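Per my numbering, the very first residue in the sequence shown carries number -4; after that it's consecutive.
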Amino acid sequence: MKKVITYGTFDLFHIGHVRLLKRLKSYGDYLVVAISTDEFNKLKGKESFCSFEERREIVEACKYVDEVIPEYNWEQKELDIKKYNIDILGMGNDWEGKFDSLKNICEVIYLDRTENISTTKIKKELSVITPDKVKELEISVNNIFDIIKSISKVNN
-4 MKKVITYGTF
6 DLFHIGHVRL
16 LKRLKSYGDY
26 LVVAISTDEF
36 NKLKGKESFC
46 SFEERREIVE
56 ACKYVDEVIP
66 EYNWEQKELD
76 IKKYNIDILG
86 MGNDWEGKFD
96 SLKNICEVIY
106 LDRTENISTT
116 KIKKELSVIT
126 PDKVKELEIS
136 VNNIFDIIKS
146 ISKVNN
């Protein structure tokens, strides 16, 4: 049985994650996904919208994933590869070259990311929705309703 492993935060799970996991699964028979814990993300200077447990539950629900494990630190990759008898470490190409040192214990591949989608992009787009923007939108919608009401009264 050929085993593949990947690592990531998998926050705000999106189509890019699904496509990555699907492609990774196509390289083997068994896919292990290591998800960064909340504590490890803090060490990396990252903050997740979803907790580790929520992210774990979401990734476990993906049909391409056979097993989910926690990622506690950078150093555990080599230990995981040996512990789980991994044949292939697969990562997004944003990590290109970063894990080449592991090529002596398994094959290392870097896959293209899905264009125009990332958790960072989603967070950035959501960050522009401020309470003031919501209030402006509410006023605009109310104005549109008032116009529609006045037009419908004129036509009746």
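Where a beta carbon is used, it is the ideal one built from N, C-alpha and C, also for glycine. Since we're looking at a predicted model, the values are computed, not measured.
Option nearest residue i by Cα separation, candidates the options
| i | options | result |
| --- | --- | --- |
| His12 | Asn111, Leu74, Lys77 | Asn111 |
| Lys20 | Phe140, Leu84, Asp89 | Leu84 |
| Ile10 | Val54, Asn88, Pro126, Asp61 | Val54 |
| Lys41 | Cys101, Ile139, Thr4 | Thr4 |
Buried versus exposed, by CB contacts within 10 Å (16 or more), residue i
| i | result |
| --- | --- |
| Glu48 | exposed |
| Val136 | exposed |
| Ile81 | buried |
| Ile30 | buried |
| Val103 | buried |
| Ser145 | exposed |
Test item: CB-CB of residue i and residue j under 7 Å
| i | j | result |
| --- | --- | --- |
| Phe94 | Tyr67 | no |
| Val28 | Val(-1) | no |
| Tyr25 | Asp61 | yes |
| Cys57 | Leu16 | yes |
| Tyr105 | Met86 | yes |
| Pro65 | Thr32 | yes |
| Ile117 | Leu38 | no |
Bridge-paired residues (DSSP) for residue i
| i | result |
| --- | --- |
| Met86 | Tyr105 |
| Pro65 | Ile30 |
| Thr125 | For Thr125, which the question treats as bridged, DSSP gives no partner whatsoever. |
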